[in-house]
Structures are given as structure tokens and as C-alpha cells.
Amino acid sequence: MHEAYKNMPIMNITVQIESMIAYDDNLLIGTREGQIFMYNVPSKLDETHKLELLRHSKNFNKKRISQMAVVADYNLLILLTDGIVSIHDLNSVNFQLICQLQKTKGATLFALDVQRTKSSTDEKDIIVRLCVVVKRKLQLYHWKSKKFEECSNFELTVPDIPRELSWCGETLILGFRGLSYTILDLTGKPKELFPTGKSPEPSVTKLSDNSFVLGKDSHSIVMDTEGELIQHNPIKWSDTPSVIAWDDPYLLGIVHDRLEVYTLEGCLHIQTIKDLNKARLICRCKQGKVFVASISSVWCVTAIDVTQQIRTLLEQNQFQLALKLTSLSDIIEEEKVKQTYKIQTLYAHHLFYNKKFQEAMDLFLELGTDPYEVIRLFPDLVTPSTSSHDLGDSSTNLPKLPNHDLEKGLRALIIFLTDVRYKLISDTKTKDKDNNKEKSVMESEKNLTAVATEQLLKIIDTTLLKCYLQTTDALVAPLLRLNHCHLAEAEKTLLMHQKYPELIILYQTKGQHRKALELLEKHAKENDSSLKGTERTIQYLQHLGKDHMDLILKFAGWVLEEDPEQGLRIFMEDIQEVEHLPRPKVLDYLLRCHKDLVITYLEHVVRVWEDTNPLFHNVLIHQYKEKSLASMNENATPAEKEISQHIRQKLQQFLEKSAYYTPETILVHFPFDCLFEERAIILGRLGRHQQAISIYINLLNDVPRAIEYCNNVYERCHNEEKTDKQKKSEGADEVYVMLINQLLKPDDAGALMAGCNTKIQRKAQPDPEMALRLLEEHASKINPLKALAILPDTVPIGRIKRFLEVSLQNNLNTRRKIQVLKGLLYAEHLQVQEQRMHYESQSVLMTEFNICPVCKKRFGNQSAFARYPNGDIVHYSCQDRKG
């Protein structure tokens, strides 16, 4: 695909190379003859440079050096030679021997693990562990006090001699020749994986502390320490590699005389480096630097400049690999962040153009890409105003997606914009809370930020609206109820799609109530319209509130004309906005324009809402009166007369029960030639009982009604507390005397005083029998002196015997009650006087030696004190503290 590495032969030696290890810029070679060579390899290496031989131990050992390892932090060189592991000083001239691990005699393999950690005090802590294979046993050592100490509790026996061994975190990965791979944790619990395949030699390459690569024939399988596959697709080499090295992000393997380079992600073949004659060893020195060796030759394989690789990879659309290389590069962190963002943005666009819409949107969201840039990918969603100013004219040059792909893209865009919208609103709320807690000086900067956020929300919501209209109609209404849409653009879009109910919601949320109501009125009479009828207009008007009272009254007219019964719900529904409408204004409107609905409205106001404003009670009585009078003429039909009778009953009941109308005002507007019962009720409310009784007796000739009236007045006056008005009412306690007087001597004086027309007054006949019967029945309620004053002299004394007996008995009872009460009050007075004298007879002697039992201090000359019933004296301020 591209050149990731370049190789350069750096050395040919006459001895046979058996093992090799590298660290920093140093290369150590162990030979079959037992010699060790240590070279310095410059970072910038070319054909003119020669390697510097730092150290050479010619007579180090007569046996071959099978394996080498370095712990640079402790200057340790670990060797496996002649079947034993030895530790040497890396800095000494001849790699002086520090110690030999005698128990490792017969060893065939070892694995080194170096872990570098930092403590809470930033002190570096280095843990060095060594695992040695001695035949079928595993020995574990750790570096402590400048020597390797054996872990006495760890020595495991395995089924066969391992040919591959590698540390991977807290586990050991073992490979057996011709058998299988095994994961072994430090407790000794094994987990079998899979066989090595046709090739008997195992291959284990560590990637990190929790991942590694295992070889199976020409495949390399990536696994974790739990024995699970990290990626299901293995790396496929051209043939079985002899050795493998990991140089993030590449896996390098020697296949015959070639070095093949692959990536883990995607298992892509990157490069093949040829002309590595009989190469058989490979070791990684540091990032981007690998050494390859044959028996007598060494090559240095170095990575091509990262910038050049990234440029090539971006041309080939290999974005993931470019990102990996960027993260591993040694450029400054700020530049690395910018480069990463750029590559990820290109990758997101690549995903979009390859119709992987959701993946692209997820990446845009993760990057925090400007929503303008994302919306620009859909030319049809870009309005002319935003295209030229915010999004750029290039949006119009983008290819249009087919319908199927467009819908998938729009659905992915909806998810993206919804997430961005939620984040914007959440951030705004958080900032508002912070601003309330601490007011910043930079108010202008905050305002600019708020304006920019509002503008962005406006474009996002407008775009979401267009997306919903093309994908999911059901989401249009919820969006519009809480929207920041651009009004003109959203209006145009909804009209184009004929979404009139949604357009109503848009107008409502934007405060364009007149437009909404005009649209509702226009479509109300169209049979094929979803807005047909008055219901939507009624609901709309109900929620406008008192601030839009003029608008409510303007558009309520056609609704009330179309459907009066339902239309009246605009003013009398049990909704908060409706209840808070200015009721006098509503009443005035109904009186002027829809008078037939006034009674229904006022009955709701008075009975349901229990409004005590006298205005509504007075007007309701007036409307009842008008309705009653309108159907009392001779030309009225039976149905009208029946309605009139029903209304009149309601009027009488209301006059009797309501306590909030003003009878003085009502009486002035009542007729003089009819509605006498109603006039009598009003006169009674005014306390003019003589006139009311006169109407019942002289005009209506209804004695039972007059008696009922007197009973009601008497009960009301004696069962309730008397107000000032009742005390001043004329003869409230003498109603029965007034009634008896009318029965004995009927006259027109009361009726004339009530203002009734003399032409219709009817003269009642005297009824002494009824008067005497009332005198007997209500004897206890009538003042005897006043009753006797109005009785004719011709009445026999025997007829009033019962009345006199009851009156005398009542007077005697009242006198006895007064006498008893007087005696009780006098006795109570004597008791109080006796108690006063008892308390006054007690004295308290206070001297300078008295001590307060609470604070244990003496009483000063000016001390205020308190005395308890048991005789204790305390300071006044100490009285609450006394237990």
C-alpha cells in the first residue's frame, strides 16, 4: 500500500550471530562462539555512517549465547548460555558477571517482565520479574536488593518443554512445539487455547499487558489474557513467518528472505521489504526502529517520516492508520490535537460519501463538528440565507443523494442534530446557573455567546423540521412545541407540505396568534380540512390568557355565531387562563354582541366560580327579570310562558339565596305593575317588612306566603348575629304584629309605600279569626303590649287567654334567668375578691444575703425577681432556666 519502513544494511561480521537485543540506540549481538558485541547505532543513519563498537567481549564464553535481555534501569544484562541464566553488569568493560542462577541449570528459555509505575509522590517504581524454563518446570524470580530472588511458592510443571514464553501482564503465554498454546496465571491455573497448526513451531508476540499475537500456520491471531479473540479476522501472511515483532501500529514478520508489514486493525498488508538474505532474527529497539539479522549480517529497518506516511495514507483513505501514526508521533501536543481533528474530520466525510451515514454522524458528534458543516452535506436543507453567509456557497455543488440514501442520511442527521441541540440547551442552563451564583464582568461577551447559541439553535431546529417532514411526520408537532425555528423559513416549509395543524403550533410558539387564528377561521368551513369546525379555535382562544383579551374577543365572534353553546366555553371552561380572564370585560362583550348567552355565562361565574362581585349578581337578576317580562305579554306562546315561569322561579330563588347583590339598586329597576313576589323579597332584604307584608296581603292576597315570610324573618333575626343594618331595620322583631295588624285592618298604605301601581291594588277583607289564630300559635314570639294595642276592644278575653298565659310565662322565665345570672355573677365577684386578698396578704423578705437558686448569685439593689408558687425567689432572667 505504501512505504512504512526503509531498510539499510549496517553490518557484516565473520562470526555467527546467535541472539540479538537492542535498547535506546544500542545493539547487542551474541554469537554462536560465545562472544558479545555492543554497538551504538546513530538515530540518523545513512550509508556514510559506521557503527561504533562500544564493547567487545571476545573470550566471554565458549558456549553459544542462546538468549539475551537487558534491564537498562539497573544496567543488567541477562544471558542464557550453556543452559544456565546469568546476570551481568551492562556497563562494565567485559560485562562482568554479577551472579548465576544456579537452579536454572538446564534452562532452555526465559522471559523478562519490566513494569514501571509511579507512586503518589511521583517516585518511579520498577518491578523486574524473570520466568525461566528448566525442562518442564517454570521458575519465577524477582529483582530485589541487587539480586534475583526466587519465588519459593511458585514452581510449576507443564506438560511439555515450552518453545515460546512471554509475559503479558499477570499471565504467562506458553507455546509448545507441535502441540498448542496455553495461558497460565500466577496461581498456576492453565487455560488451553488452540493447536499450533501444521507448522510445529509456536509463535508468541506480546502487544501490551493484556493482548498478544499467536501464530497458527500462516495466520496470526490476536487475543487477550482471558483467552478471548480481540478481532475475529486473523492476519494472513504470505507464508508462515519465522519470527514476528510488534512496532505499533505495525506487525513485522520475516517470511523467507522478506520482511512483511501488516496492521492489526483491518489486517492490511502495508509493505514487503525484500533482499534480506537468510534473515532469521528480529528485535525492536524503539518506536520506528527495528533490527533484522541473519547469521552474519544485520539490517536496520527504520520508519519513514510520519508526516509523509500520513499524507500517503490520507490519499489512500486509510484514516484509522493515519490517526494511529499521529498519536504515536513525537510532534508537540497542540499540533497533534489539530492533526488528529483534521484526519477525523476527513474520515467522517469519507464515511458520509460512502453512505455510512450513522457512523459519520457519530464521528461528527464526537469531534464537536460545527453543525453548519454537517448540514451543508445536504444541499436541499441549506437555505439561501445560510448558504451564502454561514455555510458557504460550496454547499450547492454537492451531489444530491438518491431518495433511499437520502432518507437514511436524514435519519442519521436527525440523531446528530438532536444530540447537539440537547447539549447546547444543557450548557446554556448550566451557564445561567453559574451566572446567577457569580456575576461576571464580561457581560457583553456573555450576550454575544447567548446570541450565537440562539442563532445556532434556530438553524438546528429549522433543519430538524425539514428532516422530520421528509422522514417522520409524527415528530413535527413535538418539535414545534419547544422550538427555536426560523419563523419565515419554517412557515414556508410547512405551507409547502400543507401541514396546517403544525403551522398553527408554530404560530402559537412564536407568538403569532393573529396569524394562527386567521388560519383557523379560514379552514374551519372547509370540508376537507383537518382544521374543520370550531374546536381548534376554541382551544386556542382558551389558552391565550388575559394579555390577549382583545384578540380573544375579536375571534370569538364567529365561533359564538357558528356554535353558541360550544363557543361559550371560551369564557367559562375550568382552565386557569380562562378563569383569569377579566370577567367584566367578557360580560360587556356578551351584553353588546351575544345577549342570549349572558345568563349562561353569569350562572357559571356565580355558581361554579363563586364570584362575589355584586356586578355579576345584579346583572344576572336583571337578565332574569328581562327574560321573565319578555314572555309575560298576551302574545307569548305556551312554550314561552313555560320558559318564563322557569326563569321566574330561578329569579326568586336567586333573590332569596344570593347575599351579594345590592337590593337598593335592583329595586329601582323593577316594574311597578308586576313581579310583586320578587319585589316583596327585595323589600324584605332591605328590612322594609311592613311594605313586603302589605304586598302579600293586599296585592297577592296570599296569607300563607305572608306567614312564611314572617317565620323566615324571625328565624333569621334570632338565629344569627345581628348586623348594624338588621338592628336598624324597621320592625324586624315585630313582623307578626305587622301581619296581625294587616289581617285585622287591611289598607293600601304598605303597598303605596312599596311603589306599586294603585290601579292594580286589590283591597283585602279583614280576617280576625286568622289574626287570633296567629296570636295563639306564635304567642312566644310576639310582644304582648304591642299585640294588645292593635287588638279591637270587641275581642273576648277568653279568645286571648292562651296568648296571655304564654306571654306571662315567658316574662316570668326571663325574669328568673336574669335573677339567677345576677346571683352567679355576684358570687364570682366575691370569689375573685377573696383570692385577691389572699395573694395581697403574702409578703417576701429580700435581704442582701438572699441567693438565686439558679445562678447562685446574690440579688442586687436593682435586681428584678420572680417568685414561684412554692416560695422560691429567682432572678427574673433566670426564671426560664429553673428546672
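Residue numbering for the sequence shown follows the UniProt record's numbering, beginning at 1 and increasing consecutively. Where is the CB? At the ideal position from N, CA and C, for every residue including glycine.
Cβ neighbour criterion (16 or more within 10 Å) applied to residue i
{"i": "ASN153", "result": "exposed"}
{"i": "CYS593", "result": "exposed"}
{"i": "ILE818", "result": "exposed"}
{"i": "THR104", "result": "buried"}
{"i": "LEU607", "result": "As written in the sequence, residue 607 is Arg, which differs from the Leu given in the question. Per the 10 Å Cβ criterion, exposed."}
{"i": "SER327", "result": "exposed"}
{"i": "GLY253", "result": "buried"}
{"i": "GLY30", "result": "buried"}
{"i": "ILE797", "result": "exposed"}
{"i": "PRO584", "result": "exposed"}
{"i": "SER19", "result": "buried"}
{"i": "THR687", "result": "One point to set straight first is that residue 687 is Gly, not Thr, in the sequence displayed. When all chains shown are included, GLY687 counts as buried."}
{"i": "GLN833", "result": "exposed"}
{"i": "ILE790", "result": "exposed"}
{"i": "ALA630", "result": "exposed"}
{"i": "ALA864", "result": "exposed"}
{"i": "VAL337", "result": "exposed"}
{"i": "ASP427", "result": "exposed"}
For residue i: DSSP bridge partner residues
{"i": "GLY687", "result": "According to DSSP, which records beta bridges pairwise, GLY687 is partnered with nothing at all."}
{"i": "GLY175", "result": "GLU164 and TYR181"}
{"i": "VAL476", "result": "None; VAL476 has no bridge partner."}
{"i": "PRO190", "result": "LEU184"}
{"i": "LYS144", "result": "LYS147"}
{"i": "TRP299", "result": "PRO9 and VAL292"}
{"i": "SER211", "result": "SER208 and ASP224"}
Reduced DSSP category for residue i - H, G, I as helix; E, B as strand; rest coil
{"i": "HIS269", "result": "strand"}
{"i": "TYR468", "result": "helix"}
{"i": "MET1", "result": "coil"}
{"i": "LEU581", "result": "coil"}
{"i": "PHE859", "result": "coil"}
{"i": "ALA69", "result": "strand"}
{"i": "ASP122", "result": "coil"}
{"i": "ALA524", "result": "coil"}
{"i": "HIS838", "result": "helix"}
{"i": "ALA864", "result": "coil"}
{"i": "ILE235", "result": "strand"}
{"i": "ARG55", "result": "strand"}
{"i": "GLY798", "result": "helix"}
{"i": "MET20", "result": "strand"}
{"i": "GLU603", "result": "helix"}
{"i": "ARG116", "result": "strand"}
{"i": "ILE873", "result": "strand"}
{"i": "LEU28", "result": "strand"}
{"i": "HIS718", "result": "helix"}
Residue from the options whose Cα sits closest to the Cα of residue i
{"i": "THR171", "options": "SER211, LEU377, LYS336 and GLY197", "result": "SER211"}
{"i": "LYS466", "options": "LYS206, GLU491, VAL451 and TYR661", "result": "GLU491"}
{"i": "GLN318", "options": "VAL298, PHE364, SER529 and CYS267", "result": "CYS267"}
{"i": "ASN701", "options": "PHE676, ILE282 and THR196", "result": "PHE676"}
{"i": "HIS580", "options": "LEU363, VAL382 and LYS546", "result": "LYS546"}
{"i": "residue 887", "options": "THR157, SER208, LYS216 and GLU149", "result": "With the chain covering 1 to 883 only, the question about residue 887 has no answer from this structure."}
{"i": "LEU475", "options": "GLU526, GLU518, ILE415 and LEU487", "result": "ILE415"}
{"i": "ALA111", "options": "LEU464, LEU97, LEU495 and CYS131", "result": "CYS131"}
{"i": "SER807", "options": "PRO792, LYS781 and LEU494", "result": "LYS781"}
Proximal residues to residue i (C-beta, below 7 Å), its chain only, five neighbours per side dropped
{"i": "residue 905", "result": "One cannot answer for residue 905 here, as it falls past the ends of the chain, which runs 1 to 883."}
{"i": "HIS548", "result": "HIS513"}
{"i": "ILE621", "result": "LEU651, PHE654, LEU655, TYR661 and ILE666"}
{"i": "PHE571", "result": "VAL578, LEU581, VAL586 and TYR601"}
{"i": "SER43", "result": "ASP25"}
{"i": "THR345", "result": "LEU367 and THR369"}
Own chain partners of residue i with C-beta closer than 6 Å, once the 5 adjacent residues on each side are dropped
{"i": "ASP247", "result": "ARG284 and VAL290"}
{"i": "ARG705", "result": "TYR696"}
{"i": "ALA516", "result": "ILE504, TYR507 and GLN508"}
{"i": "ASN61", "result": "GLY34 and THR81"}
{"i": "LYS206", "result": "SER166, CYS168 and PHE212"}
{"i": "GLU150", "result": "TYR141"}
Minimum Cβ-Cβ distance from residue i to chain B less than 8 Å
{"i": "VAL243", "result": "Absent from the structure: chain B. Only one protein chain is present."}
Cutoff 8 Å; reference residue i; Cβ partners in own chain excluding five residues on either side
{"i": "GLN102", "result": "ILE84"}
{"i": "residue 884", "result": "There is no way to answer for residue 884, as the model of the chain reaches only from 1 to 883."}
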